[in-house]
Amino acid sequence: MAEVEVKDSGKGGKKGQQKKMKIHVDFTPMVDMNMLLITFFMFCTTLSKPQTMEISMPTNDKVTEEEQNKVKASEAITILLGDNDRVFYYLGEPQYEDYTSLIETSYNADGIRALLLDRNKEVVAKVKDLKERKKREEISEEVFDSLVVDAKKAKGAPVVMIKAKLPDEEGKNGATYRNLIDALDEMIICSIGKYAIVDITEGDLFLMENYEKKGALSDQIDTSKKN
Numbered sequence: 001m002a003e004v005e006v007k008d009s010g011k012g013g014k015k016g017q018q019k020k021m022k023i024h025v026d027f028t029p030m031v032d033m034n035m036l037l038i039t040f041f042m043f044c045t046t047l048s049k050p051q052t053m054e055i056s057m058p059t060n061d062k063v064t065e066e067e068q069n070k071v072k073a074s075e076a077i078t079i080l081l082g083d084n085d086r087v088f089y090y091l092g093e094p095q096y097e098d099y100t101s102l103i104e105t106s107y108n109a110d111g112i113r114a115l116l117l118d119r120n121k122e123v124v125a126k127v128k129d130l131k132e133r134k135k136r137e138e139i140s141e142e143v144f145d146s147l148v149v150d151a152k153k154a155k156g157a158p159v160v161m162i163k164a165k166l167p168d169e170e171g172k173n174g175a176t177y178r179n180l181i182d183a184l185d186e187m188i189i190c191s192i193g194k195y196a197i198v199d200i201t202e203g204d205l206f207l208m209e210n211y212e213k214k215g216a217l218s219d220q221i222d223t224s225k226k227n
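With full-length UniProt numbering applied, the sequence shown corresponds to residues 1 to 227, in that order.
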């Protein structure tokens, strides 16, 4: 509430007498505008936060044959992302002579996720227990993160390799970016600690083609050229 003094013109009263007039300024619209601006900037700040995903990319260092065999002999799972949103997998080393060793699945909860959860039972159980402890405030966020990392390093935990089929020369077929993101999401959901995106090989492409032809190409294989 503000007061403004106004000089009287002299009519009907003493000349030069000052009158006080009260002026009311309504700030309600300003409050609404301020709230709108605050909400807008909070929304923009949320959108500007970096969204990150941890991805293990293949290293340029040479891997010895012994190290490769260790991975293959363990709970190795190779996921192949193919054409038309199709996804396949095989366990351990590829069996080129047996087309049924390549198994087609899906991106649904009862597909690749069910497989990973089953092969990673021990780690999943540990992570679930840690989440409950954090929920009960028995451990801090920092301790929780550290213990989850350790849990994912458990001996016998699956090692997952993700391989995506590239589009052809015309830019058609092949796996999509969405397929790759879906596969990576499953790594997080299933608490997979060891996974990497690896270049697809001729052997992998042969496996998918032979699968489509019900093993008709098995007699033509030369295993020495597939890896």
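Every residue gets a Cβ at the ideal spot worked out from N, C-alpha and C, and that includes glycine.
Quick caveat, the model's predicted, so the values are computed rather than measured.
> Using a Cβ-Cβ cut-off of 8 Å (strictly less than) and excluding sequence neighbours within five positions of C190, which residues of its own chain qualify?
Replying inline: R113, L116, L117, N120, V124
>> Just verifying my parser: in three-state terms, what is the DSSP assignment at E137?
In response: Coil.
> Residues in its own chain within less than 7 Å of E186 by CB, not counting five upstream and five downstream?
Replying inline: I112, R113, L116
> Can the beta-carbon of I77 be found closer than 8 Å to that of L91?
Replying inline: A contact, by the Cβ cut-off of 8 Å.
> Under 8 Å between the Cβ atoms of E75 and V159?
Replying inline: yes
> Is it a yes or a no for the segment 206–223 touching the segment 82–91, going by three-plus beta-carbon pairs under 8 Å?
Replying inline: yes
> In whole angstroms, what is the alpha-carbon distance linking V198 and Y99?
Replying inline: 22 Å
>> What does the alpha-carbon distance come out to for the pair S224 and P167?
In response: Unreliable placement is indicated for S224, whose pLDDT of 46 sits below 50; the coordinate value is still reported in the next sentence. For S224 and P167, the distance between alpha carbons rounds to 26 Å.
> For S106, which residues from the same chain have a beta carbon less than 8 Å from its beta carbon, with the 5 sequence-adjacent residues on both sides left out?
Replying inline: V87, I112
>> For K49, which residues in the same chain have their Cβ closer than 6 Å to its Cβ, ignoring the five residues on either side in sequence?
In response: With a pLDDT of only 48 at K49, under the threshold of 50, the placement of this residue in the model should not be trusted; the figure read from the coordinates follows. Taking K49 as the centre and dropping the five residues before and after it, the same chain places no C-beta closer than 6 Å to its C-beta.
> When DSSP builds the beta bridges, which residues end up paired with F88?
Replying inline: L80, E104
> Sorted by chain position, which residues of the same chain lie with C-beta nearer than 6 Å to A164's C-beta, five sequence neighbours on each side aside?
Replying inline: Contacts found: L81, A175, L180.
> In chain order, what residues of the same chain have a beta carbon less than 7 Å from the beta carbon of V127, not counting five sequence neighbours either side?
Replying inline: V148, A151, S191
> What residue ranges within the segment 140–188 form continuous alpha helix (DSSP H) runs of no fewer than 4 residues, ordered along the chain?
Replying inline: 141–152
> What are the start and end residues of the alpha helix (DSSP H) that includes A114?
Replying inline: 112–119
> So, helix, strand or coil for A109, using DSSP?
Replying inline: coil
> Within this structure, are the beta carbons of A154 and E132 separated by less than 8 Å?
Replying inline: no
>> Distance check for K214 and A157, CA to CA, integer angstroms please.
In response: 32 Å
> Does DSSP put Y195 in a helix, in a strand, or in coil?
Replying inline: strand
> Within 8 Å (strictly less), CB to CB, does F144 reach chain B?
Replying inline: Absent from the structure is chain B; it holds one protein chain and no more.
>> Please state the DSSP three-state secondary structure of Y96.
In response: coil
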